[in-house]
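Notes follow once the structure below has been shown.
There are 2 protein chains.
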Amino acid sequence: MRCEVVAVGTELLLGQIVDTNSAYIGEQLALVGIDSYFQTKVGDNWGRIKECLELALSRSDAVIVCGGLGPTQDDITRDVIAEVMGVELRRDPELEARIRAMFGARGRFMPDNNLRQADVPEGAKVMDQMPGTAPGLICPVGDKVIYAVPGVPWEMREMITGSVIPDLKQRAGITGAIRSRVLRTWGQSESGLAEMLAGYHEDLERSGRCTLAFLASGVEGLKIRLTAKAATAEEAHAILDREVAVVADALGDLVFSLDDEPMEKVVLDLCESRGFSLAVAESMTGGLICERITSIPGSSRVFRGGIVSYASDVKSAVLGVPQGPVVSEDAAVAMARGVCELLKADVSVAVTGVAGPDEQEGQPVGTAWLATCVGGDAGAVQVRLPGDRERIRQFATISVLNLLRLRLAPRR
Amino acid sequence: MRCEVVAVGTELLLGQIVDTNSAYIGEQLALVGIDSYFQTKVGDNWGRIKECLELALSRSDAVIVCGGLGPTQDDITRDVIAEVMGVELRRDPELEARIRAMFGARGRFMPDNNLRQADVPEGAKVMDQMPGTAPGLICPVGDKVIYAVPGVPWEMREMITGSVIPDLKQRAGITGAIRSRVLRTWGQSESGLAEMLAGYHEDLERSGRCTLAFLASGVEGLKIRLTAKAATAEEAHAILDREVAVVADALGDLVFSLDDEPMEKVVLDLCESRGFSLAVAESMTGGLICERITSIPGSSRVFRGGIVSYASDVKSAVLGVPQGPVVSEDAAVAMARGVCELLKADVSVAVTGVAGPDEQEGQPVGTAWLATCVGGDAGAVQVRLPGDRERIRQFATISVLNLLRLRLAPRR
């Protein structure tokens, strides 16, 4: 079974919007084992959209078209599909009523143009999911099929997982279940991890009981994805439970999540399970540590707050950092202790360093002191972080959270 | 002149990496007036890469191939191009020496595989820019051309602006200069801006002296791009200076930058020009305001620091917020005043509100109080922000910075 993706929109070609939809769709197709060999971007142009659809149908079994289903004159995807199918568009009364009701509910005036969204190629089926005013369409073309979904990412995603993938699986006769689990690691390179898992990986490939892939994720560390295929979802999950445990055991402390959670979520959960409240004191990272922690819903159960002590005299006045260099072990430790006292927190992390572009106190860009404090016991380590200002700040954030994780995690 | 883009890499089709390169290249092509009608992603497969290149050459004058120039066996772009050109690969001694020298300089062992990167199709020219070990190639095919650039974004960008665009301009006989300026606005919808500029826009289109486009940028507001073409860059800049002034005049306070700067940069510059130091007190935004401010190099000249007062008792203990509801005008104003006093800053912004997922103090998700304080004079406004947790936090951040901007900006 082969399925191509065609993303429609002149703004995609002009680079005004990055096409993230195709990547999402490609990932969903890969997870169920459907091949996607070509993905194309094309503008809002009748002839060229038609050319793309016909080419895709000639070399694949299915095509997912994304975008061009809106209410404006630019939005011609449904018209072109009707031409490719050799049928007319018909206004669907049920869709028309639904679109009118949506506008009514929001108390908004509905331009007549919007009813174009109720036009459906004859023989096409409307998808059940419809989070916006653009319906998704399943359009048979001989024994092949075109799926049309809107370009709005959350609308598209609901339709891909709810209608397109199940329909494709049925067509392809994929009866089993394919499931994945992602482990996240910090502190080892891809080749290092590969070496640690070499024997296990070979054994997996020989037995075929699941597949293993390394996914580089930049400042978020390296992910390891295990994918299992079985008759039922329960069986696939059972296989993954076993294999995830083996990998976690082999990698020990390098693994910080068995379920694709970000570092800040893991740290919050560790604090909560031990009944600890958390505070942050940050200088070089300038609010990034707090921001990442509070991006997690429910962080208020653990997180007391943070001090962004950017100016040196704020460090001394608010956090009690002693006089002297601020890019130092003493300063980092004092920040971590001071913020626990000021905000009445049980544990804390603190960062002071040089994010650049200029060096500071004679220390080169990338120098940082990362401190943690647990129950009054504070310590710091020095690191040299690579990259530009943004990457240095990101690396410092995940690195210091990882240090706190290692102090709080039960030893395996 | 038409130019297609082909992005090579199985990881792109699998959605492990989002193809941002094509969007960048599409934007660069658009800026010099070269049409790009199709952009394709294809995996590391000889036959399918060849199919893409031949199709692109059949309907366009030029093709930019991005990716597949690395040292591993997967990297076959240069081999396929040679086949399409009908020539052999030849090892370039100068390139070989350069690659050996790069490894030597870093004190790293060079696997022999890396010398594949010195193989060049006969008749192809190596681009001058070479920030990594993958050379960029200009490969003539009859009167058409294939450009091969690496998939690493910073290497790709250097070659696109340094070699590909100048070569394309020469081939297309584009002698003039095309330049753009981007104004940023906050506080008005696209249709609202379009209405305010309707007469001017029509006049522009009639006269053809420059073009105007609205670029939606989500939580960053709406951008307006003006593009002018002239015999020289100086003339194009002179045209833009005039037109940007007209648009800025028509839109007044809605425009926050005449040069595509983010809101936090504009606020920092306003503070600096008036000799004010800046502090932040934030609750719902959880560090995001501080993070955005400190993402700007040089922010330390203005920014004192911030208090992320997440827990309610931190608001009262550290910032002196009075007892009572914390999602309130009184709390926001007290936070803005309190942080100015604590951190000895001249001006401040403060945010308290409900980011979700749950309501708080009986207030619905999206409710926020945004406060500013200038020289001890503090005030707050209430807003209802749309979207999910992340969007609410982003909207609150740019909204409160915009309020401070309006208080600090000289009246036009």
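These protein sequences, in sequence, are chains P and D. Going letter by letter, the first sequence gives residues 0 to 411 in numbering that gives the first Met the number 0. Going letter by letter, the second sequence gives residues 0 to 411 in numbering that gives the first Met the number 0. Cβ coordinates follow ideal geometry from the N, Cα and C atoms, glycine included. Just so you know, these numbers come straight off a predicted model, no measurement behind them.
Paired residues, beta bridge with residue i - DSSP
i	result
arginine 99(D)	None, per the DSSP bridge assignment.
alanine 367(P)	Gly352(P), Val382(P)
glutamine 359(P)	Gln362(P)
tyrosine 146(P)	Ile63(P), Ile137(P)
lysine 228(P)	Ile177(P)
aspartate 78(D)	Paired residue(s): none; aspartate 78(D) is not in a bridge.
proline 120(P)	Leu88(P)
phenylalanine 108(P)	The partner list for phenylalanine 108(P) (beta bridge, DSSP) is empty, contrary to what the question assumes.
glutamine 38(P)	Val4(P), Lys40(D)
alanine 377(D)	Cys372(D)
leucine 182(P)	Ile223(P)
valine 346(D)	Leu277(D), Val373(D)
valine 266(D)	Per DSSP, none; premise fails for valine 266(D).
valine 254(P)	Thr184(P)
valine 125(D)	Leu136(D)
Rounded distance between the beta-carbons of residue j and residue i, thought under 8 angstroms
i	j	result
glycine 285(P)	tyrosine 309(P)	6 angstroms
serine 35(P)	leucine 12(D)	5 angstroms
glutamine 27(P)	isoleucine 164(P)	6 angstroms
valine 181(P)	arginine 224(P)	5 angstroms
glutamate 281(D)	valine 307(D)	6 angstroms
alanine 367(P)	valine 348(P)	Their Cβ separation, rounded to whole angstroms, is 12 angstroms, which puts alanine 367(P) and valine 348(P) out of contact at 8 angstroms.
isoleucine 75(D)	aspartate 43(D)	6 angstroms
glycine 319(D)	alanine 333(D)	6 angstroms
alanine 331(D)	alanine 370(D)	4 angstroms
Of the listed residues the options, nearest to residue i (C-alpha basis)
i	options	result
valine 364(P)	Arg388(P), Ala379(P), Asp376(P), Met155(P)	Arg388(P)
aspartate 345(D)	Gly378(D), Arg303(D), Asn401(D), Pro356(D)	Arg303(D)
alanine 379(D)	Leu403(D), Ala96(D), Ser298(D)	Leu403(D)
arginine 300(P)	Leu277(P), Cys138(P), Gly352(P)	Leu277(P)
threonine 293(D)	Pro261(D), Val313(D), Leu182(D)	Pro261(D)
valine 64(P)	Ala6(P), Ala408(P), Gly172(P)	Ala6(P)
alanine 229(D)	Leu88(D), Ile80(D), Ser179(D)	Ser179(D)
alanine 117(D)	Leu88(D), Ile137(D), Asp329(D), Cys138(D)	Leu88(D)
glycine 207(D)	Gly186(D), Val218(D), Ile238(D), Trp185(D)	Ile238(D)
isoleucine 137(P)	His236(P), Arg383(P), Val62(P)	Val62(P)
aspartate 142(D)	Asp60(D), Gly323(D), Gln15(D)	Asp60(D)
aspartate 329(D)	Gln15(D), Lys314(D), Cys51(D)	Lys314(D)
glutamate 233(P)	Leu287(P), Ala176(P), Gln187(P), Ser256(P)	Ala176(P)
valine 218(D)	Gly161(D), Asn401(D), Met0(D), Leu52(D)	Asn401(D)
aspartate 337(P)	Ser327(P), Ala316(P), Ser21(P), Asp248(P)	Residue identity differs from the one stated: residue 337(P) is glycine in this sequence, not aspartate. Checking every option, the nearest Cα to that of glycine 337(P) belongs to Ala316(P).
isoleucine 412(P)	Ala395(P), Gly66(P), Val148(P), Trp45(P)	Nothing about residue 412(P) can be reported from this structure: the residues present for chain P run from 0 to 411 only.
leucine 54(P)	Gly66(P), Phe37(P), Trp185(P), Gly69(P)	Phe37(P)
arginine 156(D)	Gly198(D), Gly305(D), Met129(D), Glu204(D)	Met129(D)
glycine 85(D)	Pro110(D), Pro120(D), Leu250(D), Arg1(D)	Pro120(D)
isoleucine 33(P)	Met0(P), Val41(P), Ser57(P)	Met0(P)
isoleucine 173(D)	Ser57(D), Gly220(D), Thr231(D), Gln393(D)	Thr231(D)
alanine 81(D)	Leu52(D), Ser190(D), Ala227(D), Tyr23(D)	Leu52(D)
cysteine 2(P)	Asp18(P), Trp45(P), Pro356(P), Ala171(P)	Ala171(P)
leucine 211(P)	Val245(P), Val79(P), Gln187(P)	Val245(P)
arginine 77(P)	Glu360(P), Ser21(P), Pro134(P), Leu94(P)	Pro134(P)
alanine 147(D)	Glu201(D), Gln169(D), Lys124(D), Asp259(D)	Lys124(D)
proline 92(D)	Ala104(D), Gly103(D), Gly191(D), Arg115(D)	Arg115(D)
alanine 193(D)	Thr226(D), Ala22(D), Leu221(D), Lys168(D)	Leu221(D)
Chain-ordered neighbours of residue i on chain A, where CB pairs are closer than 7 angstroms
i	result
arginine 178(D)	Absence of chain A from the displayed structure is noted, the protein chains being P and D.
(request) Quick one: which residues of the segment 286-306 of chain D get their C-beta closer than 9 angstroms to a C-beta of chain P? List them in chain order. (result) Gly286, Leu287, Ile288, Cys289, Glu290, Arg291, Ile292, Thr293, Ser294, Pro296, Gly297, Ser298, Ser299, Phe302, Arg303, Gly304, Gly305, Ile306
(request) At 4 residues or longer, and completely inside the segment 271-342 of chain D: list those alpha helix (DSSP H) runs for me, N to C. (result) 287-293, 311-318, 328-342
(message) Give me the subset of the segment 29-42 of chain D whose CB atoms are less than 8 angstroms from a CB atom of chain P, sorted by chain position.
(response) Ala29, Ser35, Tyr36, Phe37, Gln38, Thr39, Lys40, Val41, Gly42
(message) So if I threshold CB-CB distances at 8 angstroms, which residues from the segment 9-23 of chain P count as touching chain D?
(response) Leu11, Leu12, Leu13, Gly14, Gln15, Ile16, Val17, Asp18, Thr19, Ser21, Ala22, Tyr23
(message) Please identify, using Cβ separations under 9 angstroms, the residues of the segment 307-320 of chain P that lie next to chain D, in order along the chain.
(response) Val307, Ser308, Tyr309, Ala310, Asp312, Val313, Lys314, Ala316, Val317
(message) Can you pull out the residues from the segment 212-227 of chain P whose beta carbon lies closer than 7 angstroms to at least one beta carbon of chain D?
(response) Leu214
(request) Give, in chain order, every residue of the segment 355-385 of chain P whose Cβ lies closer than 7 angstroms to some Cβ of chain D. (result) Pro356
(request) Scan the segment 192-221 of chain D and note each continuous alpha helix (DSSP H) run of 4 residues or more that stays entirely inside, going in chain order. (result) 197-206
(message) Taking beta-carbon pairs under 9 angstroms, can you tell me which members of the segment 75-99 of chain P lie near chain D?
(response) none
(request) Using a Cβ-Cβ cut-off of less than 9 angstroms, give me the residues of the segment 387-399 of chain D that come near chain P, in sequence order. (result) Arg388, Glu389, Arg392
(message) Residues of the segment 181-205 of chain P in Cβ contact with chain D at a cutoff of 7 angstroms, in chain order, please.
(response) none
(request) Taking a Cβ distance cut-off of 8 angstroms, strictly less, list which residues of the segment 127-157 of chain D are near chain P, in chain order. (result) none
(message) Which residues of the segment 240-273 of chain P have a Cβ closer than 7 angstroms to any Cβ of chain D? Give them in chain order.
(response) none
(request) Select from the segment 106-127 of chain P all residues with a C-beta closer than 8 angstroms to any C-beta belonging to chain D, and list them in chain order. (result) none
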